[in-house]
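To start, the structure itself, in structure tokens.
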């Protein structure tokens, strides 16, 4: 079975991890600091706060934004459920706005219509690696006194008008899961250029501990003393995983280039195939493509999906609309509220896309897609 995504690990990655294992640090130490500096350099210079997963990054970012009961977070339903669930876990009300029909990214005007005086955060997702109009969303959020959170789990390495993802939003969240654009096995990061947001993020990811005597209420307790002023959790990334991430970052541009080649090869092989739509893009963007979201028309998505799986092509679907999950349905969210997102979901199949995919494997996928859709491979 050809997977839809997988990590690319080479000898330099293994050597980096072995060096960390042989050091004095396994948990948070100098490798984490080096990784955070390397991430910062790739996202435009904002502070990078490393955490244990992309979900943890969202939970930490919403905490840094001060999200809580009575607040609303406007976001997209076409995402992994964590984008919304992390806000709900802070007690916020999640308000889903519809997506652009062609890209699957949150629609700026739909988000505008969803804003109220209780909106604290607007959270857009860079679906498949295509940035979601970050300048427009930052302006929209700030006009209404809210923060802009860019869920860039798919898009580290992507550019918008020549600027890197991570340099637009008040808070940007990253994921380093094995199928993503680079990996730390499990891991993520929160990026921000706001010192107060950074302080709150670092506090929340480390139990809320306050070690600076100048900030403590009882600094004379002793040199061992630490205090908790606000609740937090342990989302600290270990040095071993950070070492892997720093090594991977050295190949991020190569990963981006290879993903673009594969994406273009799929486009060329499938653009003339009736019954499908190849992914849309925007002229302002240079995406680091995380997914190749092919759309199968005429209600044939499941048929084609099952045919591809039977042929050994490990396709996936991204994503079930977040409010379809029973946890949101039980809160009163109903199907039908975001028709573009639901139509996109009903058609979408993610084809295999990862840097080690060979041209021959890409061509095999193309032929199997053509056979499943039209009953024949390429002429």
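Numbering (the numbering used here), first residue to last: 23 to 401.
In this text, a Cβ means the ideal position worked out from N, Cα and C, and glycines have one as well.
I'd like to confirm the pairing. Which residues does DSSP put opposite residue 169 in its beta bridges?
The partner list for residue 169 (beta bridge, DSSP) reads 143.
Nearest to residue 126 by alpha carbon, out of 150, 110 and 371?
150
Selection from 239, 249 and 299 that minimises the alpha carbon distance to residue 233:
249
According to the neighbour-count rule (16 or more other Cβ atoms, all chains shown, within 10 Å of its Cβ), is residue 243 buried or exposed?
exposed
Going by C-alpha to C-alpha distance, which of 25, 260, 310 and 335 sits closest to residue 282?
310
Whole angstroms are fine: how far does the CA of residue 194 sit from the CA of residue 170?
8 angstroms
My parser needs the alpha helix (DSSP H) runs of 4 or more residues fully inside the region 78 to 142; what are they?
Counting only runs of 4 or more, we get 104 to 110 and 130 to 136.
Whole angstroms is fine: what's the gap from residue 269's alpha carbon to residue 204's?
Spanning the two alpha carbons is a distance of roughly 10 angstroms.
Among the residues of its own chain, which have a CB less than 7 angstroms from the CB of residue 298, if the five just before and after it don't count?
292, 316, 317, 318, 319 and 395
Considering only their Cβ atoms, is the gap separating residue 147 from residue 173 smaller than 8 angstroms?
yes
Which class does residue 72 belong to by DSSP, given the choice of helix, strand or coil?
strand
Quick check on this structure: which residue in 247, 384 and 104 has the alpha carbon closest to the alpha carbon of residue 349?
The shortest Cα separation from residue 349 among 247, 384 and 104 belongs to 104.
Would you kindly check if the distance between the Cβ of residue 371 and the Cβ of residue 337 is under 8 angstroms?
yes
Cβ-Cβ distance between residue 180 and residue 307 below 8 angstroms
yes
Can you round the beta-carbon distance between residue 313 and residue 340 to whole angstroms, since I take them to be within the 8 angstroms contact cut?
6 angstroms
Going by DSSP in three states, residue 3 sits in which element: helix, strand or coil?
Shown here, the chain extends from 23 to 401; a query on residue 3 therefore has no answer.
Taking residue 223 as the reference, which of 73, 57, 50 and 28 has the closest Cα?
73
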